[in-house]
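These protein sequence lines map, in sequence, to chains A and B.
Residue numbering for the first sequence follows the UniProt record's numbering, starting at 1 and increasing by one per position.
Residue numbering for the second sequence follows the UniProt record's numbering, starting at 1 and increasing by one per position.
Number of protein chains: 2
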Amino acid sequence: MIQVYITDDHPIVQEGIKNLLATRDEIALKGVFQNGKDTIDALAGEEPDVLLLDINLPDISGIELSKQIRDAYPELKIIVLSVHNEKAVISSVLQNGVNGYVLKNSIGDEIIQAIHKVIDGELYMCKQTRDIYENQDNNGPDFIPKITRREKEILQLVTEGFTSSQIAEKLFISPYTVETHRKNLMEKFDVNNMTAIIKYATEFKLL
Amino acid sequence: MIQVYITDDHPIVQEGIKNLLATRDEIALKGVFQNGKDTIDALAGEEPDVLLLDINLPDISGIELSKQIRDAYPELKIIVLSVHNEKAVISSVLQNGVNGYVLKNSIGDEIIQAIHKVIDGELYMCKQTRDIYENQDNNGPDFIPKITRREKEILQLVTEGFTSSQIAEKLFISPYTVETHRKNLMEKFDVNNMTAIIKYATEFKLL
DNA sequence: TCTTATATCCCGTATTTCCGGTATTTTTCA
DNA sequence: TGAAAAATACCGGAAATACGGGATATAAGA
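What follows is the structure, given as structure tokens:
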């Protein structure tokens, strides 16, 4: 029997997956959680074979969470469920060492398949994910830069429309410092103005 | 018997809702669709009592779609299912005359309740939606500006990091014209630089 | 047909951002 | 504790944006 955990904050999705897994008698549902914290707590008690993890959670960035769980439980197979079809997100998640990536518009069968594949030690990506991942000329970055606490703060204020000097006032720092943070952000995202960053930051829910 | 249509592009969500509705014998599921076009086509043939409509569809903006359907079928009760908890989205959808708004992180019961309420002629909002809608000091705009085709085009290019003169070249128009469009956009969104716009445009999937 | 919305173009000025550096002080964490 | 990462601060010049107008042509809708 394959023991499975589900983490997804939408009860309706939980229902759908539950239902799907119930049709297979080699799979046993061992727990259902709606956020990162509950999932981590539950894992501390018992370790299932597979975790179906939605990366849009209310409390923690799913990308971060997948990394944490991967590091803490190397044996656990993690299958990420996601609506994100951006290469940057897929790459980031896979780099964290998860075992599968399935888009939410996939049919239920792909989840069943994914479970079996990862149990067999393989990496599973749904068809669409493979297409995106292998496609070179996908515009947009193919990575999500890691930004610091302060950079995030500044990015947030920039996004709200504040100028550098306004931000400086708010944070009680020199406008020069704000400028430096902007520069660093632009370098990290490999763009030459802030506008391009905001799209990605919003899209990838960095803010 | 209450006849219901479901439109959602995630098979797992479809499963979840199907399952939920199956527990109620006063509700009959009459059709399941994954995009706007199929939904419109199906409605042309037969009109159910209630449409459960996800507003994040692959082909059409759900906000636009809800308006179209409302105008074409005034008797049909439309319940919007959405992950958007931004006031601007909720307001826009409600202004289109839909009969219900339920967030996807609601429990299944709220959907059942919503169906009964709208059938009774009431407007239904899930608890969280009511809180957001009634909360005055919600930062962010409480409306989604209507932007023209050209403005959208320019906004898209601005978001990709192009300068006004680069955009002008691409579109074979004067840089002055691009500047004018920027000005108009800023006025519509009621902000004083483009950065603030990009967040909303990305968030609300205007691009 | 008339009005309105949309798209186009122009100018000057003030403000802001971007870019190229350099450099010191704190934190963080291994 | 010691090295690396993060946060801080500064300068000058070039480039771009924002803001204040004003103006015309054309397409779309009532």
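Every residue gets a Cβ at the ideal spot worked out from N, C-alpha and C, and that includes glycine.
Note that the structure is predicted; figures quoted are calculated from it, not measured.
Within the UniProt domain "HTH luxR-type" (140-205) of chain B, contact with chain A at the beta-carbon level (separation under 7 angstroms) is assigned to Val158, Thr159, Glu160, Gly161, Val191, Asn192, Asn193, Met194, Thr195, Ala196, Ile198, Lys199, Thr202, Glu203. Under DSSP, the beta-bridge partners assigned to Ile6 of chain A are A:Val32, A:Leu52. When the alpha-carbon of Leu155 of chain B is set against those of B:Tyr124, B:Asn193, B:Ile198, B:Pro11, the nearest one is in B:Ile198. As DSSP reads the structure, Ser61 of chain B sits in a beta bridge with B:Asn56. Across the set A:Glu160, A:Thr180, A:Lys183, the C-alpha of A:Glu160 shows the shortest separation from the C-alpha of Met186 of chain B. Residue contact with chain B for Ile107 of chain A: present (Cβ-Cβ distance below 8 angstroms to some residue of chain B). Listed along chain A are Gly16, Asn19, Leu20, Gly108, each with a C-beta nearer than 7 angstroms to that of Glu15 of chain B. Taking the CA atoms as reference points, Leu53 of chain A sits about 35 angstroms from Val158 of chain B. Burial of Met125 of chain B is indicated by the presence of at least 16 other C-beta atoms within 10 angstroms of its C-beta. Tyr200 of chain A sits buried, since 16 or more C-beta atoms from the chains shown fall within 10 Å of its C-beta. Secondary structure at Met186 of chain A: helix, using DSSP grouped into helix, strand and coil. A straight-line Cα-Cα distance of about 17 angstroms links Leu65 of chain B and Gly45 of chain B.
Taking 8 angstroms as the CB threshold, Lys104 of chain B lines the interface with chain A.
Within chain A, the C-beta atoms nearer than 8 angstroms to that of Asp9 of chain B come from Asn105, in chain order. Annotated as proximal: Ile12 of chain A and Lys104 of chain B, with beta-carbon spacing under 8 angstroms. One Cα belongs to Glu122 of chain A, the other to Asp41 of chain A, and the distance between them is close to 27 angstroms. Of the candidates B:Pro48, B:Ile63, B:Gly16, B:Asn19, the residue whose Cα lies closest to the Cα of Pro74 of chain B is B:Pro48. Sequence-distant partners of Val32 of chain B (beyond 5 residues in either direction) whose C-beta falls short of 6 angstroms from its own C-beta, in its chain, are Ile6, Gln14. Using a Cβ-Cβ cut-off of 8 angstroms, Ile6 of chain B does not count as an interface residue toward chain A, since no Cβ of chain A sits closer than that to its own. Going by beta carbons, Ile69 of chain B and Ile60 of chain B fall outside the 8 angstroms limit. Note that the stretch 140-149 of chain A touches the stretch 77-95 of chain A; at least 3 beta-carbon pairs, one per stretch, sit closer than 8 angstroms. In the DSSP assignment, Gly100 of chain B forms a beta bridge with B:Ile79, B:Tyr124.
By the rule that beta-carbons nearer than 8 angstroms mark a contact, Ile55 of chain A does not touch chain B. Secondary structure at Ile69 of chain A: helix, using DSSP grouped into helix, strand and coil.
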